[in-house]
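Written below as structure tokens is the structure these notes are about.
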């Protein structure tokens, strides 16, 4: 195995500076010298996605590579040719699956996992028929690398996508048997065997949501032991977070994952999970204050003041956190969208609008980003452009977008009121009221317009 650390270091640095072409070239050199290098395979794809997110995806590409793939009998050549197709369509399940299959055949299981993990994250699994096959291969490769628990989770995802697939069911049974026999076979004593059984019992309780405090502590201690052996074990730290999450100890989960990030600052996925736990903590405390205020009217004012503190803390946390995430991954359009929502909460509609301008290119958040752009324009007083934004979103909505349709209706009514068309605004608010009488302050808006007290 060749030392490709210099290639990867140069590529990583170029990627940070958004010099995508040079980064891609360096990752290609690393893959050529060391075909089994997982980091090179994964970051090659990351650089491609970021490049195309920033510059636009190729509209079409030649199919000459397909003929080479079909007839090639040499795995190494097959690998190179398929990567050329991936370079044109890095989110393709079809081509990434072929790369992973070839890597697996060559014994490069970690690299195969890296390719499959990346594809599972960026591809549209719900719409691509090849998704179950991709997840099944990822589960097999996890099995090859000893990650049987993760393999089980992946097969569960595959089963949800294709519930009638018999091959998935067979793989699940094989994995279950392999996991049990592996643990029994590696037990050095009857005591070890009992430990394995106890661990299996605890994991089953965790899956069923039946963990006691004692059970949770036992599982956490097992994962902490793994971290003492390998302080960079991301799977172990995520497992600790998951256990604490199920026990609703979100602040503890956030703090523990944050400690891990001090050891491994590059674990961005761990940071994202930690942020979710912190937001869950804020939401739980806000809800608790609301309930306390209702249950104890004499102390309601104090509880409401405390609730405002938590809301302000959450607002500031989200603003800083999403800002950091966008800075670390400037071409991640999903992060741009959430950063924009945090900016709206903070009252910075102009900066939020800039984020949504980029996030609107995201297939997943295009409609929401478009609606948010209109909301920003409305607040900024740019009524004609807000109307254009709302019209564009209206054309994209379908039957499954009921909540977004209500959001749009409310904003359109607000727009009409701001333009001085009170009768039109009243009709629109009434239409919304007929769909959902509890939506925001729609009833108050109707009463105000009827009374002629329009803002």
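Numbering (the numbering used here), first residue to last: 70 to 524.
Built from N, CA and C at the ideal position, the CB exists for glycine as well.
All values reported here derive from a predicted model rather than from experimental measurement.
Is DSSP giving residue i helix, strand or coil here?
i	result
residue 449	coil
residue 122	helix
residue 88	coil
residue 103	coil
residue 37	Absent from the model: residue 37. The displayed extent of the chain is 70 to 524, so no value can be given.
residue 507	coil
residue 225	helix
residue 234	coil
residue 216	coil
residue 162	helix
residue 208	helix
residue 143	coil
residue 340	helix
residue 151	helix
residue 365	coil
residue 73	coil
residue 195	coil
residue 400	coil
residue 203	helix
residue 356	helix
residue 370	helix
residue 416	coil
residue 280	coil
residue 409	helix
residue 392	helix
residue 429	coil
residue 185	helix
residue 175	coil
In chain order, what residues of the same chain have a beta carbon less than 8 Å from the beta carbon of residue i, not counting five sequence neighbours either side?
i	result
residue 516	none
residue 451	none
residue 77	95, 96, 99, 106, 108, 109, 112
So, for residue i: in the same chain, excluding its five sequence neighbours on each side, which residues have a beta-carbon less than 7 Å away from its beta-carbon?
i	result
residue 249	The predicted position of residue 249 is uncertain, since its pLDDT is 43 and thus under 50; no value can be drawn from it.
residue 197	162
residue 327	343
residue 509	479
residue 199	162, 163, 166
residue 455	443, 446, 447, 484
residue 383	348, 351
For residue i, which residues from the same chain have a beta carbon less than 6 Å from its beta carbon, with the 5 sequence-adjacent residues on both sides left out?
i	result
residue 62	Residue 62 cannot be examined here, being either before or after the span of the chain that is shown, 70 to 524.
residue 53	In the structure displayed, the chain extends from 70 to 524; residue 53 sits before or after that span and is not available.
residue 358	372, 375, 376
residue 181	169, 172, 173, 210
residue 212	220
residue 127	157
residue 74	none
residue 296	302, 305
residue 513	none
Pop quiz: residue i and residue j are said to be a contact at Cβ under 8 Å. What is the actual Cβ separation, rounded to whole angstroms?
i	j	result
residue 230	residue 241	Not quite, the Cβ-Cβ distance comes to about 14 Å (not below 8 Å), so this is no contact.
residue 105	residue 177	3 Å
residue 166	residue 148	Rounded, the Cβ-Cβ distance is 13 Å, inconsistent with contact.
residue 397	residue 337	6 Å
residue 400	residue 123	5 Å
residue 402	residue 430	6 Å
residue 475	residue 504	6 Å
residue 189	residue 205	Their Cβ separation, rounded to whole angstroms, is 11 Å, which puts residue 189 and residue 205 out of contact at 8 Å.
residue 391	residue 380	Contact flag wrong, Cβ pair sits at about 17 Å.
residue 13	residue 436	Residue 13 lies beyond the residue range present for the chain, which begins at 70 and ends at 524; the question has no answer from this structure.
Inset, instruction - Would you mind listing the alpha helix (DSSP H) stretches within the stretch 285-337 that are 4+ residues and don't spill past its ends, in chain order? - result: 303-315, 319-332
Inset, instruction - Jot down the residue ranges of each uninterrupted beta strand (DSSP E) in the stretch 431-500, minimum 3 residues, whole runs only, in chain order. - result: none
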